[in-house]
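See below for the structure under consideration.
2 protein chains.
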Amino acid sequence: MKPAKRTRRQSQARAQRSKRAELRPIGVIRSSIKNRREAPKQGSEGAPDAWLEVHPAVAQALDGLKPGDELIVVTWLHQARRNVLKVHPRSDPRRRLTGVFATRSPDRPNPLGLHPVTVREVAGNRLRIGPIEAIDGTPVVDIKPVLCAIQRP
Amino acid sequence: MKPAKRTRRQSQARAQRSKRAELRPIGVIRSSIKNRREAPKQGSEGAPDAWLEVHPAVAQALDGLKPGDELIVVTWLHQARRNVLKVHPRSDPRRRLTGVFATRSPDRPNPLGLHPVTVREVAGNRLRIGPIEAIDGTPVVDIKPVLCAIQRP
C-alpha cells in the first residue's frame, strides 16, 4: 500500500505546484536608474528610455512588435514590500492614509508594475522602450499591446 | 558543525522562497460567465458587470475606492496555457501567426489579465465592477487606479 500512497501524495503535490500562480520572468529591464531613490514615481515624470531584454527561450513571442507600438510592460517590483495595505498617496504625509488598491504604490500584496511605454527600436530579442521608471534589473513578466486608449469611451 | 550547516541551508531556502515571484490571490471574480466559451474577448465587447470579492485579510487596502472610479483589475487567468508563444490574433486563422506579446491572447507565459473597469458599488469587502469578461472563479491578484487615460498625451 505504501508505494501507491506515496504516488498519490506526489501527484497531489504536482497538481498543487501547477495550480500555484508562480510568475516566471520573461525578461529584464536594463536602465540607467539604479535604485528606488533615483526613480520617478511614473514614467511620464521625466523617466528615461531603457532596454527590455527578453529571454531567448520566449523571444519568438515578440514577433509582430515594431517601433511606435504602444505597450503595457508588466514588471515584478522585486524591491517592494508585500505586507503594506495602506500608504500616504505619493509619500505625502499630509495626504490621508489610503488603501494601496486606490493608489499606484509599489508596496502592495502582489507588487506588479504596469508601465505604459512606446517601442523605440526592436533589436533581436531586445526592445528599446520608454519612458519607464523601473529600476535596472527589474524582472519583466508580461508585455501587452495597449487597448485602453482606443477602447475606452 | 552539522546544525550550523543545516541552519545556513535553511536560511538560503527561505531567501530563495521569498525572492520567488509567487502571486497570492487577493480576491476572486463572481460572474454570470461560467466558462471560456461564453466569455467575450474584451470587456467592451458586451461583457456583464460582476462582483469582485476581496479576501478579508486585505480588505483595508480598498479604503478610498468609490463608485465611478476607473480601475485596472489584474487577474490570474487560471485556465490559460503557459506554453503558447504564437497565436492567430482573435483566433482568426486568416490572420498570420503572431507573438503573444503583440496580442491580448490569454494563453502566454504568465497568464495575467488586465481589465479596465468602472466601480459601480462598494459593499464592504465586495466591489461591483464592469464591464468585465473574466469568468466566474478567476483569481484577482491586484487592483490599481487607471493612469493611462489621464497621463498619456
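First to last, the sequence lines map onto chains A and B.
Going left to right, the first sequence walks through residues 1 to 153 as my numbering numbers them.
Going left to right, the second sequence walks through residues 154 to 306 as my numbering numbers them.
Cβ atoms here follow ideal geometry from the backbone N, Cα and C, with glycine treated the same way.
Give a yes or no on whether the C-beta atoms belonging to residue i and residue j are separated by under 8 Å.
| i | j | result |
| --- | --- | --- |
| A:Val170 | A:Arg108 | Since the displayed chain A opens at 1 and closes at 153, residue 170 of chain A lies outside it and no answer follows. |
| A:Ile29 | A:Ala123 | no |
| B:Ala174 | A:Val141 | yes |
| B:Thr228 | B:Pro298 | no |
| A:Pro116 | A:Glu53 | no |
| A:Pro111 | A:Arg82 | yes |
| B:Ala212 | B:Asn278 | yes |
| A:Ser154 | A:Pro106 | The structure shown does not extend to residue 154 of chain A, since chain A is modelled only from 1 through 153, so no value can be given for it. |
| A:Arg37 | A:Gln79 | no |
| A:Lys86 | A:Gly68 | no |
| A:Leu65 | B:Ala214 | no |
| A:Leu23 | B:Leu176 | yes |
| B:Ser184 | B:Pro201 | yes |
Under 8 Å between C-beta atoms, does residue i make it to chain A?
| i | result |
| --- | --- |
| B:Trp204 | no |
| B:Glu286 | no |
| B:Asn188 | no |
| B:Lys194 | no |
| B:Val294 | yes |
| B:Asp289 | no |
| B:Asn278 | no |
| B:Thr228 | no |
| B:Asp245 | no |
| B:Ile225 | yes |
| B:Val275 | no |
| B:Gly199 | no |
| B:Val270 | no |
So with Cβ pairs under 8 Å, would you call residue i a contact of chain B?
| i | result |
| --- | --- |
| A:Ile26 | yes |
| A:Ala154 | Absent from the model: residue 154 of chain A. The displayed extent of chain A is 1 to 153, so no value can be given. |
| A:Arg104 | yes |
| A:Gln60 | yes |
| A:Pro109 | yes |
| A:Pro145 | yes |
| A:Arg152 | Model confidence at A:Arg152 stands at a pLDDT of 37, short of 50, so the residue's coordinates are unreliable; what they give is reported in the following sentence. Output row for A:Arg152: interface = yes. |
| A:Gly130 | no |
| A:Gly68 | no |
Could you name the residues that DSSP lists as bridge partners for residue i?
| i | result |
| --- | --- |
| B:His268 | B:Val226 |
| A:Glu121 | A:Arg128 |
| B:Asp289 | B:Asp289 pairs with nothing; no bridge assigned. |
For residue i, which of helix, strand or coil comes out of DSSP?
| i | result |
| --- | --- |
| A:Ala21 | coil |
| B:Val253 | helix |
| A:Val141 | strand |
| A:Ile150 | Residue confidence is low: A:Ile150 scores 41 on pLDDT, short of 50, so the model does not pin down where it sits. No coordinate-derived value is stated. |
Can you list, in chain order, the stretches of the beta strand (DSSP E) that have 3 or more residues and sit fully within the region 181–245 of chain B? Taking only runs of at least 3 residues, the beta strand (DSSP E) segments lying wholly in the region 181–245 of chain B are 203–207, 223–229.
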